[in-house]
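Student:
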Amino acid sequence: MNDASAPRVGKWRFWDQFGLRGPGFPADGVLRLAPEELAAAAAEFAEGRQLGGPAWQEFEKLFDASALEMSKALLDIAAQPMFQAAVAWQNRAVLKSGIEPFLKWEPELGKRPSMARQREEFVAQYWQRFCVKNDTIGFFGPVGWGSWDDSVRGVEFDHEDDGLIAEQNVYFASWAIDALARTVSDDPAVREWVAPTRMPFVRILGDEIAVPGLRPRAVDPVQRRVLELCDGVRPARDLQRELGAGVDVAAVLDGLVKRRWIVWQLEVPADTYPERRLREILDRIGDPALRDPALARLGVLEAGRDRVRASLGDPAALTAAMEALENDFTELTQTAAQRQKGQGTSTSRAVIYSDSRRSTRVRLGTDLLDALGPLDLLLSSANWVTSTLTEHVREHMRGIFDKQAAKAGQSTLDLSTLWFACIGMTHGEAVADATDIHRLFCKHWESILQPAPGARRVRLTSAEIADRVREAFGETGHQWSTARYACPDMMVVADDADAVNRGDYEVAIGEMHIAMNTLGASLFVHQHPDRAELLSLIDADHPTPRLMPLQPKASRARLSLRTRYALVRDQDYNVALADASADPERARTVASADVRVEDRDGELVAVLPDGAVFDVIDVFSQAMTVLALDLFRIVPADADYFPRVTIDRMVVTRETWRFEPSTMDFANEKSEARRYVRARQWRESLGLPRFVFVVSPTEPRPFYVDFDSPVYVNIFAKAVRRLVRDDPSGRVTISEMLPSPEQTWLTDGTGNRYTSELRFVAVDDTQERTR
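Position one of the sequence shown corresponds to residue 90 (our numbering), numbered consecutively onward.
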């Protein structure tokens with residue numbers, strides 16, 4: 090589709106390509122763990138009915154029989170090769186510590202020791218993630234793609250084959266290749282072949298060197314000349330040859346390293362394929378006695394990765410190949426092959442990771458755009474969030490600029506000085522602003538939706554609330570360029586594809602990713618069959634070059650190599666801010682110290698060395714997006730209850746409850762049968778649905794609970810007990826699962842049905858027109 094015929098909702102233009110997210114195991118897998126006969130028997134024990142007497146004794150017998158069958162089902166699940174392979178990618182160690190011992194157990198009626206129950210819960214926890222969580226990771230969360238098609242009504246599927254996966258790839262984590270690069274750099278003989286790189290915030294001012302926050306330091310002409318030559322391209326031996334025998338270049342470089350003005354080690358630019366970049370660097374070493382051993386070490390890791398790739402369908406061979414690769418890695422780098430969770434960054438903890446492409450492609454008819462109509466109102470409120478945040482940050486930035494410029498006695502600043510001076514603001518005042526903005530955002534939406542006290546379902550039309558939305562959120566001002574994007578995750582609530590095609594469906598919004606284009610992330614881009622198609626969409630969004638901050642490889646934010654933006658064009662500018670991870674050979678990468686910040690007509694702009702001018706707010710786009718990530722949440726964080734709200738045919742909030750753990754006494758029940766029934770009584774007394782997702786402060790991620798399933802009730806109860814122990818003041822958030830595991834329209838080539846969500850890219854064209 091061209092831009093004129095692109096799908097639209099109000100002022101928002103949609104990409105004709107969209108992401109399809111869904112798990113790699115069929116949704117009905119979790120229903121195997123919910124015995125219908127047991128649930129029906131438990132329903133006889135209504136709220137307040139005593140759990141005793143002959144009827145209860147009969148129920149206990151049924152519970153024991155059901156528990157035996159469930160144990161067998163979980164053993165069958167654990168024995169599946171694909172389940173074991175999925176667990177291996179998540180945490181290979183637990184295959185030996187958890188899965189293998191579990192598979193040796195032979196369940197008997199009425200005999201389920203504590204360790205066996207723990208292992209059952211372990212399998213069930215992974216199983217719910219693999220069956221009903223729309224993750225995007227590995228073959229158990231493959232990346233799917235779809236497109237809008239005017240010739241289609243409803244939904245149609247194109248299957249490359251009958252299997253789930255069209256292509257599975259294995260990648261090195263960047264930290265692992267960096268570790269190998271460091272071992273090569275440690276050889277003193279290699280250093281003369283390594284190109285030193287000036288840190289991007291270091292400025293050369295005549296015979297002085299300036300870095301943000303410190304007084305300029307004098308340097309002699311030799312130091313200055315060496316620093317000028319540190320461009321990340323010319324190796325130290327070339328610098329020595331240019332400056333002659335009278336200058337000890339290595340000694341000067343060592344001095345510059347100690348001052349942290351340069352980096353003099355093998356630096357692998359951030360890339361989805363870091364091993365290829367390292368190979369390019371090593372190939373430039375002119376001495377075979379140094380180059381060949383280094384390439385051989387890299388070759389060992391590449392061969393290990395290839396063995397992993399060749400073993401993808403065989404769990405035993407896969408785990409052996411992974412273990413061998415990690416042993417080789419540790420031996421070559423003297424570095425642990427697994428990083429601890431939360432160790433400094435959000436990147437992969439393992440040496441390698443996997444991503445896959447789904448074989449099913451979806452085509453949507455544009456008739457579904459009618460159901461997406463309320464997005465125009467929702468995205469208008471998202472624009473208010475980002476616009477208001479922009480106003481606050483601009484105000485803070487202006488104050489910091491004026492203060493720093495006055496301190497320097499200048500009317501302009503270099504970008505590095507402004508950037509470092511603003512770091513505290515982005516982690517302080519701007520965070521407080523974001524909190525206030527979200528609080529007001531929730532109040533605005535409460536006044537718009539006007540849910541009646543005690544109402545569990547709120548149904549509105551776009552026409553009813555359009556004026557309220559405009560009154561609450563008004564017109565938005567100019568923002569940073571990335572804020573033109575929003576990526577809603579939409580779920581189609583339908584019994585099957587035929588129901589969609591009949592028009593018998595609703596849509597439900599999942600997460601709303603604002604101020605970012607998530608389909609530009611590496612994990613999506615490199616699982617697309619034609620990256621050029623995605624770049625052509627970027628060209629439509631941005632006809633002129635963009636200014637983009639260079640994302641560091643090591644980041645504590647929720648940004649990693651997999652989520653790193655990968656749709657940067659040759660004409661776009663990257664500005665390196667604080668680290669030396671830029672690709673020195675990329676033409677349009679500029680150092681922050683070489684960019685001037687000026688006031689032009691009351692607006693701060695960044696003036697690049699070639700004269701290109703951009704709004705300086707774009708330099709802060711990554712920090713701004715991090716601030717905005719969680720701001721589109723209509724349900725207030727402190728609300729005890731919020732109803733399901735439907736606008737036209739779109740569910741915009743799911744029914745949500747928050748509880749203190751002390752209100753869930755069933756969690757402390759010792760008897761599994763009593764715990765199961767009491768949990769159901771508790772659910773029924775509150776009117777909770779059968780299928781829910783639970784969020785707890787002490788759990789790493791949301792998890793699925795089916796109140797008809799004893800094992801998922803046990804997992805829920807254990808999470809409640811853990812919360813009481815670790816965070817007594819914390820609260821459990823429960824939201825209805827919508828669609829449920831029974832409402833699945835996505836199928837593979839053999840008819841298996843999966844939960845799913847569609848990730849759209851919406852672009853606000855009006856922002857581009859005002860630039």
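Built from N, CA and C at the ideal position, the CB exists for glycine as well.
Touching or not, the region 823–833 and the region 765–783, by the rule of three or more beta carbon pairs under 8 Å?
Tutor: yes
Student: To which residues does DSSP link W101 through a beta bridge?
Tutor: Walking along the sequence shown from the start, residue 101 turns up at place 12. According to DSSP, which records beta bridges pairwise, W101 is partnered with V98 and D853.
Student: Can you list, in chain order, the residues of its chain whose CB lies under 7 Å from that of A116, leaving out five sequence neighbours each side?
Tutor: Here residue 116 corresponds to residue number 27 of the sequence shown, with the count starting at 1. Taken in chain order, the residues that qualify are C220, V221, P830, T833, R842, Y843 and T844.
Student: Hey, how far is the Cα of A307 from the Cα of G517?
Tutor: Looking up residue 307 in the sequence shown gives position 218. Looking up residue 517 in the sequence shown gives position 428. Taking the straight line from one Cα to the other gives about 34 Å.
Student: Per DSSP, G108 forms a beta bridge with which residues?
Tutor: For the purposes of this step, residue 108 is taken as the residue at position 19 of the sequence shown. G108 pairs with W234 and R848.
Student: Are the CB atoms of Y801 and V794 within a distance shorter than 8 Å?
Tutor: Reading the sequence shown from its first residue, position 705 is the one you call residue 794. Reading the sequence shown from its first residue, position 712 is the one you call residue 801. Yes, they are a contact pair.
Student: Can you tell me which residues form a DSSP beta bridge with A695?
Tutor: Taking the first residue of the sequence shown as position 1, residue 695 is located at position 606. Within the DSSP bridge table, the entry for A695 names V686 and F703 as partners.
Student: Sort out for me which residues DSSP pairs G513 with in a bridge.
Tutor: Counting from one through the sequence shown, the residue named residue 513 turns up at place 424. Paired residue(s): none; G513 is not in a bridge.
Student: Looking at the structure shown, is K193 part of a helix, part of a strand, or coil, going by DSSP?
Tutor: Numbered from 1 along the sequence shown, position 104 holds the residue referred to as residue 193. Looking at K193 - three-state DSSP - the assignment turns out to be coil, as it is neither helix nor strand.
Student: So, are the CB atoms of R677 and D661 less than 8 Å apart?
Tutor: Taking the sequence shown and counting its residues from 1, one reaches residue 677 at position 588. Taking the sequence shown and counting its residues from 1, one reaches residue 661 at position 572. Yes, Cβ-Cβ distance for R677 and D661 is below 8 Å.
Student: Looking only at its own chain, which residues have a Cβ that is under 6 Å from the Cβ of V762, when we skip the five neighbours before and after it?
Tutor: Position 673 of the sequence shown, counted from the first residue, corresponds to residue 762. A small fix is needed here, since residue 762 is Ala in this sequence, not Val. So the qualifying residues of the chain are E149 and F152.
Student: Quick one: using the 10 Å Cβ neighbour count with 16 as the cut-off for buried, is K532 buried or exposed?
Tutor: Locating residue 532 in the sequence shown gives position 443, where the first residue counts as 1. Result: exposed.
Student: Per the DSSP calculation, D503 is bridged to which residue(s)?
Tutor: Taking the first residue of the sequence shown as position 1, residue 503 is located at position 414. According to DSSP, D503 bridges with R685.
Student: If we count the other Cβ atoms within 10 Å of its Cβ and call it buried at 16 or more, is D165 buried or exposed?
Tutor: Your numbering for residue 165 matches position 76 in the sequence shown. Answer is exposed; the Cβ neighbour count stays below 16.
Student: Would G566 and S476 be called neighbours here (beta carbons separated by less than 8 Å)?
Tutor: As a first step, residue 566 is located in the sequence shown; it is residue number 477 there, counting from the start. As a first step, residue 476 is located in the sequence shown; it is residue number 387 there, counting from the start. A contact, by the Cβ cut-off of 8 Å.
Student: Between the region 543–550 and the region 566–585, are three or more C-beta pairs nearer than 8 Å?
Tutor: no
Student: With a cut-off of 8 Å, do at least 3 Cβ pairs link the region 477–485 to the region 511–528?
Tutor: yes
Student: Anyone know if the C-beta pair for P618 and I598 falls short of 8 Å?
Tutor: Within the sequence shown, residue 618 is the residue found at index 529, counting from 1. Within the sequence shown, residue 598 is the residue found at index 509, counting from 1. Cβ atoms of P618 and I598: not closer than 8 Å.
Student: Relative to the alpha-carbon of T752, which residue among R722, Q640, E600 and P817 has its alpha-carbon at the smallest distance?
Tutor: Your numbering for residue 752 matches position 663 in the sequence shown. Among R722, Q640, E600 and P817, the Cα nearest to that of T752 is on P817.
Student: Can you give the Cα-Cα distance for D275 and T633, rounded to whole angstroms?
Tutor: The residue you call residue 275 lines up with position 186 of the sequence shown. The residue you call residue 633 lines up with position 544 of the sequence shown. For D275 and T633, the distance between alpha carbons rounds to 43 Å.
Student: Excluding the 5 residues flanking V50 on each side, which residues of the same chain have their C-beta closer than 6 Å to its C-beta?
Tutor: Since the displayed the chain opens at 90 and closes at 860, residue 50 lies outside it and no answer follows.
Student: Only counting the same chain, and skipping five residues up and downstream in sequence, which positions put a Cβ closer than 6 Å to that of M713?
Tutor: Sequence index remark: in the sequence shown, residue 713 carries index 624 (1-based). Result list for M713: W569, in chain order.
Student: Give the straight-line distance between the Cα atoms of R438 and F418, rounded to the nearest whole angstrom.
Tutor: Here the question's residue 438 lines up with position 349 in the sequence shown. Here the question's residue 418 lines up with position 329 in the sequence shown. If I take the Cα positions, the gap works out to 14 Å.
Student: What do you reckon, are the CB atoms on G235 and L847 nearer than 8 Å?
Tutor: Here residue 235 is taken as the residue at index 146 of the sequence shown, counted from 1. Here residue 847 is taken as the residue at index 758 of the sequence shown, counted from 1. Their beta carbons are under 8 Å apart, which means G235 touches L847 by this criterion.
Student: How would you write the range of the beta strand (DSSP E) that F782 sits in, first residue to last?
Tutor: Here residue 782 corresponds to residue number 693 of the sequence shown, with the count starting at 1. Counting along the chain, the beta strand (DSSP E) containing F782 begins and ends at F780 to V784.
Student: So, is M204 buried or exposed, given that buried needs 16 or more other C-beta atoms within 10 angstroms?
Tutor: Reading the sequence shown from its first residue, position 115 is the one you call residue 204. When all chains shown are included, M204 counts as exposed.
Student: Residues in the same chain with beta-carbon distance under 6 Å from H615, minus the five sequence neighbours each way, listed in chain order, please.
Tutor: Looking up residue 615 in the sequence shown gives position 526. Answer for H615: T361, listed in chain order.
Student: Determine the DSSP secondary structure at K759, reduced to helix, strand or coil.
Tutor: Reading the sequence shown from its first residue, position 670 is the one you call residue 759. In this structure, K759 counts as coil in the three-state DSSP scheme.
Student: Output the distance between the C-alpha atoms of G141 and V766, rounded to the nearest integer angstrom.
Tutor: Position 52 of the sequence shown, counted from the first residue, corresponds to residue 141. Position 677 of the sequence shown, counted from the first residue, corresponds to residue 766. Roughly 12 Å between the two C-alpha positions.
Student: Compute the Euclidean distance between the alpha carbons of S445 and Q207, then round it to the nearest angstrom.
Tutor: One-based indexing of the sequence shown puts residue 445 at position 356. One-based indexing of the sequence shown puts residue 207 at position 118. Roughly 31 Å between the two C-alpha positions.
Student: Please list the terminal residues of the continuous beta strand (DSSP E) segment that includes T742.
Tutor: What you label residue 742 is simply residue 653 of the sequence shown in a count that begins at 1. Segment M739 to T742, the beta strand (DSSP E) holding T742.
Student: On the criterion of 16 or more Cβ atoms from any shown chain inside 10 Å, does T550 qualify as buried, or is it exposed?
Tutor: Position 461 of the sequence shown, counted from the first residue, corresponds to residue 550. Label assigned to T550: exposed.
Student: Does DSSP classify T408 as helix, strand or coil?
Tutor: Here residue 408 refers to the residue found at position 319 of the sequence shown. T408 sits in a helix when the DSSP states are folded into three classes.
Student: Quick one, which of E535, A425 and V696 has its alpha-carbon nearest A726's?
Tutor: Taking the sequence shown and counting its residues from 1, the one referred to as residue 726 is at position 637. Comparing Cα-Cα distances from A726 to each of E535, A425 and V696, the minimum goes to E535.
Student: Three or more C-beta pairs under 8 Å: does that hold for the region 483–493 against the region 501–514?
Tutor: yes
Student: Could you tell me whether the region 654–671 touches the region 353–372, where touching means 3 or more Cβ pairs closer than 8 Å?
Tutor: yes
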